[in-house]
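Asks: Residue numbers (the working numbering): 11 to 204.
C-beta atoms are modelled at their ideal positions from N, C-alpha and C, and glycine is treated no differently.
Being a predicted model, the structure only gives us computed values, none of them experimental.
Following this message is one structure expressed as structure tokens.
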Amino acid sequence: MAANVFSRRALQATSRRLVAANPSTFSKTPLSRLPAPAAVAMGQHIQNRQAATTQVSQSGAQDILAAQRRHRPVSPHLAIYKPQVTWYLSALNRITGATLSGGIYVFGAAYLAAPLFGWHLESASLAASFATLPILAKVALKSLVALPFTFHSFNGLRHLVWDTGSSITNKQVIVTGWSVVGLSVVSALALTFL
11 MAANVFSRRA LQATSRRLVA ANPSTFSKTP LSRLPAPAAV AMGQHIQNRQ
61 AATTQVSQSG AQDILAAQRR HRPVSPHLAI YKPQVTWYLS ALNRITGATL
111 SGGIYVFGAA YLAAPLFGWH LESASLAASF ATLPILAKVA LKSLVALPFT
161 FHSFNGLRHL VWDTGSSITN KQVIVTGWSV VGLSVVSALA LTFL
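Take a look at the structure:
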């Protein structure tokens, strides 16, 4: 392999020297439109062109800018599109991720600060205080944590599958989206009533 690389370099060096010595040799071939290898090697194939500038008043500049904006393509507003399951799941994935991570950070900070303020956030105290709540409050609190957790977990798995390059067609995206919704609700109910 080293011999192959050496032979390529020798051929390139020889052709550069040949073109540099006889530049008219290549001027009669179809390759003459391309920059010569010697010019490329020495960086002389780059063309510079001076920009033409004119002084424009402030109001003239605003007029030019307004004319350019009139000819730009306008992106349609979201209000004209038909809502799709992918929109909602994308937004919910971000919301549940921020909510869950924010909750963990707040609880972690409170747990670290608890000894300073005399709070009792250890597991036994939390379990005892949770046991004193009425059943509806228990179900509400558990579902408030279980549904975002299960949804974010299943939707995260869906995104990991997409990262492999599979299940990206429109039909598959819709099917996996509704599957994530169904699995999230069923597993959240299972976690809530355990």
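#1: Which complete alpha helix (DSSP H) runs does the stretch 133-174 hold, if anything under 4 residues is left out?
#2: Tell me which residues share the same chain as G113 and place their Cβ nearer than 6 Å to its Cβ, disregarding the 5 neighbours each side in the sequence.
#3: What three-state label does DSSP hand P125 in the structure shown?
#4: Terminal residues of the continuous alpha helix (DSSP H) containing R82?
#5: Taking all protein chains shown into account, decide if G118 is buried (16 or more other Cβ within 10 angstroms of its Cβ) or exposed.
#6: From what residue to what residue does the alpha helix (DSSP H) around R181 run?
#7: With H, G and I counted as helix, E and B as strand and the rest as coil, what does DSSP make of A120?
#8: For L131, does the three-state DSSP call read helix, strand or coil?
#9: Please report the straight-line C-alpha distance between A134 and A141, rounded to a whole angstrom.
#10: Please classify F161 as buried or exposed, where buried requires at least 16 neighbouring CB atoms within 10 angstroms.
#11: Rounding to the nearest angstrom, what Cα-Cα distance links V190 and R168 in this structure?
#12: Roughly how many angstroms separate the alpha carbons of R80 and I178, rounded to a whole number?
#13: Skipping 5 residues on each side, what residues in its chain have a beta carbon closer than 7 Å to that of T106?
Replies: Judging by the given coordinates:
#1: If we require 4 residues or more, the alpha helix (DSSP H) runs fully inside the stretch 133-174 come out as 133-141 and 145-173.
#2: Stepping through the sequence shown from its first residue, residue 113 is reached at position 103. Counting only Cβ-Cβ distances below 6 Å, and skipping sequence neighbours, we find nothing.
#3: Within the sequence shown, the letter at position 115 stands for residue 125. Correct three-state label for P125: helix.
#4: Within the sequence shown, residue 82 is the residue found at index 72, counting from 1. No residue range can be given for R82, since it is assigned to no alpha helix (DSSP H) and is classified by DSSP as neither H nor E.
#5: Here residue 118 refers to the residue found at position 108 when the sequence shown is read from its first residue. So G118 ends up on the exposed side.
#6: Position 171 of the sequence shown, counting from 1, holds the residue named residue 181. According to the sequence provided, residue 181 is Lys. The question's Arg does not apply to it. K181: member of the alpha helix (DSSP H) spanning N180 to T202, first to last residue.
#7: Indexing the sequence shown from 1 puts residue 120 at position 110. Helix, per DSSP.
#8: Locating residue 131 in the sequence shown gives position 121, counting from the first residue. Assignment of L131 by DSSP, reduced to helix, strand and coil, places it in the coil class.
#9: Counting from 1 along the sequence shown, the entry for residue 134 is found at position 124. Counting from 1 along the sequence shown, the entry for residue 141 is found at position 131. A straight-line Cα-Cα distance of about 11 Å links A134 and A141.
#10: The residue you call residue 161 lines up with position 151 of the sequence shown. Looking at its Cβ environment, which holds 16 or more other Cβ atoms inside 10 Å, F161 is buried.
#11: Within the sequence shown, numbered from 1, the residue matching residue 190 stands at position 180. Within the sequence shown, numbered from 1, the residue matching residue 168 stands at position 158. V190 and R168 have their C-alpha atoms spaced approximately 8 Å apart.
#12: Mapped onto the sequence shown, residue 80 falls at position 70. Mapped onto the sequence shown, residue 178 falls at position 168. Between R80 and I178, the C-alpha separation is close to 36 Å.
#13: What you label residue 106 is simply residue 96 of the sequence shown in a count that begins at 1. Correct list, in chain order: P158, F161 and H162.
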